[in-house]
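Numbering (the numbering used here), first residue to last: 65 to 510. Here is the structure we will look at.
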Amino acid sequence: MSSSTTRISSGKRTGNGGGGGSGGGGITMPQVNPHWARLPLFDRKGWKRVRFGDVVENLNETCEPEAAGLERFIGLEHLEPGSLHIRAWGNVADGTTFTRRCRPGQVLFGKRRAYQRKVAVAGFDAVVSGDIYVLAPKGDRLLPELLPFLCLSERFFQHAVGTSAGSLSPRTNWSSLASFEFDLPPLDQQRRIAEILWAVDEVVKGWRATQLHLEQAHTAKLKAMMLGSVNGTEQQLRDIGDFAPPRGWKVQRAEELVASPITKGATPSPHLNTNSATVPFLKVYNLTFSGALDFTIDPTYVEPEIHEKDLKRSRVRSGDILMNLVGPPLGKTALIPDGFPEANVNQAIAIYRIDDLAMRGFFAAYLRSDLAQKWLEKRSKKTSGQRNLTLGLAQELPVPIPPEEVISAVLKTLEEFTAAKQGVEAVLKNAVSVGDCITNEIFKPS
Numbered sequence: 065m066s067s068s069t070t071r072i073s074s075g076k077r078t079g080n081g082g083g084g085g086s087g088g089g090g091i092t093m094p095q096v097n098p099h100w101a102r103l104p105l106f107d108r109k110g111w112k113r114v115r116f117g118d119v120v121e122n123l124n125e126t127c128e129p130e131a132a133g134l135e136r137f138i139g140l141e142h143l144e145p146g147s148l149h150i151r152a153w154g155n156v157a158d159g160t161t162f163t164r165r166c167r168p169g170q171v172l173f174g175k176r177r178a179y180q181r182k183v184a185v186a187g188f189d190a191v192v193s194g195d196i197y198v199l200a201p202k203g204d205r206l207l208p209e210l211l212p213f214l215c216l217s218e219r220f221f222q223h224a225v226g227t228s229a230g231s232l233s234p235r236t237n238w239s240s241l242a243s244f245e246f247d248l249p250p251l252d253q254q255r256r257i258a259e260i261l262w263a264v265d266e267v268v269k270g271w272r273a274t275q276l277h278l279e280q281a282h283t284a285k286l287k288a289m290m291l292g293s294v295n296g297t298e299q300q301l302r303d304i305g306d307f308a309p310p311r312g313w314k315v316q317r318a319e320e321l322v323a324s325p326i327t328k329g330a331t332p333s334p335h336l337n338t339n340s341a342t343v344p345f346l347k348v349y350n351l352t353f354s355g356a357l358d359f360t361i362d363p364t365y366v367e368p369e370i371h372e373k374d375l376k377r378s379r380v381r382s383g384d385i386l387m388n389l390v391g392p393p394l395g396k397t398a399l400i401p402d403g404f405p406e407a408n409v410n411q412a413i414a415i416y417r418i419d420d421l422a423m424r425g426f427f428a429a430y431l432r433s434d435l436a437q438k439w440l441e442k443r444s445k446k447t448s449g450q451r452n453l454t455l456g457l458a459q460e461l462p463v464p465i466p467p468e469e470v471i472s473a474v475l476k477t478l479e480e481f482t483a484a485k486q487g488v489e490a491v492l493k494n495a496v497s498v499g500d501c502i503t504n505e506i507f508k509p510s
C-alpha cells in the first residue's frame, strides 16, 4: 500500500453519510436576500468602536454547589458546538469539583480548544468547569440578548483561537479576549438585531428537534432490526449475551468477521504535523456518533516514513471501521469513505477490517446500535475520570448475524433513514448559515 503525499483541505468536510448534500428531494432551501444588508436596520451610523472587556464582564462567582442548593453542573462536554442551548449536564450528587457558578441568562464560553465553538446561554443555576468563562454585559451599553451572538461571530472566534496558547489543549485567556474590538450599535438597533437573530435561532432549534426525533426513531429501528425484527418489534432483553437468535440467525464474535486481526494505533508525538507530515492521523474527535468520519476537526498529519514503517500495524484505508476505546463518551465510530487516502490512527481507536461489503455495512450499523454500545459500556473500566475499553472487548463483542436477505433489508431501511437525515441536515445547515451571515455582517470590521 502506498501512502498519500497530499494534505486534505481542512476547510471541507470529508466523510460518508454525514450530510452536506441535499439528499432530501423536494426540500426548498432557505436563501439569504443579497440586499438585506442595505436595510436601515443595519445602517452603521452611530456605531462605536469598543473593546470586549469594556462592555463584557468575566464573572468569577464561586460556591460549594451542595451548600448553595445547586443540583447540576456543566462541563465542556455538555456544550454543543454552534448551539446556544444546553441539552445535557451532570448531577452534583454524582460528584464534581466545579465551584464557578452560573445563573440563567449568563453566557458560557469554552476557553479550551476555542476552535470547537462552544458557546451557550445558561438556562438554569449550576456550577461550571474551570475551562468555561461565565460572561455578562458590563454596564448598560450592550444588551444581554446580543452578547451570545457576538461570542458566536467568526471574528470573535478567530481572535480567541489566535490568542490561545498550549499545544495539546490550547486555551485563550481573559485579557486576550478582553482586547477584542468591535463596532457596537446603539441600543435600539441592538434590540432589533437581537430579535432577528433569536428568530433565526428558533428556526434552527426547530430543525434540530426534528433532527433529534429522526435520530431517535433511527436508533429504535436499528435496535429492533438487530434483534431479529425488520418490521420493528424486538426481543426484550438487557444484554446481547441473552439474545436468542431467530431461525436462520447466528451470533459470532467480532474477531470472527474480520479479514485481519482487530488492532489499535499508537501516537508518534515527535512526528506529527511536521513540514513533511502528509498522512492523515485520525483521533477520537474525528469519529462521530453518526458513523461518519469528520476530518475537519483539528486535522493532524504524520510523516509518510513513520506511517509505512513504525506505524505499519495501524494503517487504515477506505472501508475500515473505527471505534473509540477511550471515553467519555464511548460509542463514537467511523466508516472510512471511498476516496479518503490511506491514514493512521492513535492508540485510542480500534480498527475493524471486513472485506464483504454487505457485512461491512451491517457491522458498522450494529456497532452504532444501542445494543452493542450497552454491551461495551457495561464492561468498560473507569479510571481517572475516563471510560476505557480493552482491545479484547473490541474483539469479543457478540454480533447477531442474520441471513443475507435480512441484511439487505436492514441496509435498505438504514439507507432510507440516512437519506431523510441528510435532507434535514441540509435544511438545518442552510438555516444556520442565515444566522451566521447576519451575525458576521453585524460584527465585521469597519
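Glycine included, every Cβ here is placed at the ideal spot set by N, Cα and C. Computed from a predicted structure; not experimentally measured.
Could you spell out where the beta strand (DSSP E) holding residue 462 opens and where it closes? 462–465
How many Å lie between residue 322 and residue 223 at the Cα? 46 Å
What is the rounded straight-line gap between the Cα of residue 199 and the Cα of residue 211? 9 Å
For residue 353 and residue 410, which I take to be in contact (beta-carbon distance under 8 Å), what is that distance rounded to the nearest angstrom? 19 Å between Cβ atoms; not a contact.
Output the distance between the C-alpha atoms of residue 252 and residue 259, rounded to the nearest integer angstrom. 11 Å
Tell me, please, whether the stretch 170–184 touches the stretch 229–242 by the rule of three or more beta-carbon pairs shorter than 8 Å. yes
Whole-angstrom distance between residue 493 and residue 237, CA atom to CA atom: 31 Å
Compute the beta-carbon to beta-carbon distance between residue 414 and residue 326, rounded to the nearest angstrom, for a pair I have assumed lies under 8 Å. 6 Å
Can you tell me the Cα-Cα spacing of residue 96 and residue 374, whole angstroms? Reliability fails at residue 96, whose pLDDT of 47 lies under 50, so the model's placement of it is uncertain and no value is given.
To the nearest whole angstrom, what separates the beta carbons of residue 112 and residue 195, a pair I think is in contact under 8 Å? Not confirmed; about 32 Å, so no contact.
If you compare alpha carbons, which of 267, 268, 182 and 329 is closest to residue 144? 182
Who are residue 235's beta bridge partners in DSSP? 176 and 229
Quick one: complete beta strand (DSSP E) runs, 3+ long, within the stretch 96–170? 112–115, 120–123, 136–138 and 164–166
Mind checking which residues open and close the beta strand (DSSP E) that includes residue 247? 245–248
Mind checking which residues open and close the beta strand (DSSP E) that includes residue 344? 343–346
Which of helix, strand or coil does DSSP assign to residue 295? Caution is warranted here: a pLDDT of 48 is assigned to residue 295, below 50, making its placement in the model unreliable, and no coordinate value can be reported.
Quick check on the DSSP output: what are the complete beta strand (DSSP E) runs of length 3 or more inside the stretch 178–209, in order along the chain? 183–185, 190–192 and 196–201
By the 10 Å Cβ neighbour count, where 16 or more other Cβ atoms means buried, how is residue 447 classified, buried or exposed? exposed
Which partner residues does residue 364 have in the DSSP bridge list? 345
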